[in-house]
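Heads up, the thing below is written out as structure tokens.
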Amino acid sequence: MGVITDKLGADLKQQKDIHTFLENNKDKLLDMNLPKYLDELLAQKNLTKSDVIKKSGLPVTYAYKIFSGQKHTARNRILALAIAMQLSIDETNHLLNHAKHSSLYPRNPWDTIIMYALQRHLSVIETNILLTDAKASPLLE
1 MGVITDKLGA
11 DLKQQKDIHT
21 FLENNKDKLL
31 DMNLPKYLDE
41 LLAQKNLTKS
51 DVIKKSGLPV
61 TYAYKIFSGQ
71 KHTARNRILA
81 LAIAMQLSID
91 ETNHLLNHAK
101 HSSLYPRNPW
111 DTIIMYALQR
121 HLSVIETNIL
131 LTDAKASPLL
141 E
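In case it helps, my numbering puts the sequence shown at residues 1 to 141.
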């Protein structure tokens, strides 16, 4: 966790009134808006939606609905987008949090393979091959 996150956690433990805490820290709290965060990532990495969608292996219409916020999707599909965008593990965990899914967990074998793929900038297809070789469920069927 980052310094701001750690400080917020420590401050929250000391706070007697949640409303005061929220008001005093509103500039530090995240807006859990997935489409906004996806757009920020696209801009930061100079990527286009169409390229990311193509690399993700997701159906085009479905993927555009994720980007627009019309579709709440499964964790594996969010991970396909993360791999297609070549995100770091930290960026991927932030993306998962914005999508209201659990972060990658290194003690989970399936998650470990995803983390390995992210670190090495593997494609979705290459990641699926690793998962299949490990007798794990593929990222996308």
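Heads up, the beta-carbon is just placed ideally off N, CA and C, and yes, glycines get one too. Being a predicted model, the structure only gives us computed values, none of them experimental.
When you compare each of the options to residue i by their alpha carbons, which one comes out closest?
i              : options                      : result
threonine 152  : His121, Ala84, Ser88         : Residue coverage of the chain in this structure runs from 1 to 141, which leaves residue 152 outside it and unanswerable.
glutamate 91   : Gln119, Gly9, Ile113         : Gln119
serine 50      : Glu141, Val60, Ala43, Leu41  : Val60
tryptophan 110 : Thr5, Ile125, Glu126, Leu130 : Leu130
valine 124     : Lys54, Asn93, His101         : Lys54
glutamine 86   : Thr112, Ala74, Tyr105, Lys45 : Lys45
glutamate 40   : Asp17, Lys16, Gln14, Phe67   : Phe67
isoleucine 208 : Lys135, Asp17, Tyr116        : Only positions 1 to 141 of the chain appear in this structure, which leaves residue 208 out of reach.
valine 121     : Leu22, Leu12, Ala80, Leu42   : The question names valine, but residue 121 is histidine in the sequence shown. Ranking Leu22, Leu12, Ala80, Leu42 by Cα distance to histidine 121 puts Ala80 first.
leucine 29     : Asp17, Thr5, Leu58, Asn128   : Thr5
aspartate 27   : Leu58, Leu8, Thr127, Glu141  : Leu8
Consult DSSP for residue i and reduce its assignment to one of helix, strand or coil.
i             : result
glutamine 86  : coil
leucine 131   : helix
alanine 116   : Looking at the sequence shown, residue 116 is not alanine but tyrosine. It is helical.
glutamate 40  : helix
glutamate 141 : coil
proline 109   : helix
glycine 69    : coil
glycine 9     : helix
asparagine 24 : helix
Determine the burial state of residue i: buried for a count of at least 16 other Cβ atoms within 10 Å of its Cβ, exposed for fewer.
i             : result
asparagine 24 : exposed
arginine 107  : exposed
threonine 20  : exposed
leucine 34    : buried
threonine 132 : exposed
leucine 104   : buried
serine 56     : buried
leucine 38    : buried
leucine 12    : exposed
alanine 63    : buried
Note down, in chain order, each residue of its chain lying with its Cβ closer than 6 angstroms to the Cβ of residue i, except the 5 sequence neighbours on either side.
i             : result
lysine 65     : Lys71
asparagine 76 : Leu139
Leaving aside the five residues before and after residue i along the sequence, list all residues of the same chain whose C-beta is less than 7 angstroms from its C-beta, in chain order.
i             : result
isoleucine 78 : Leu95, Leu96, Ala99, His101
threonine 112 : Pro106
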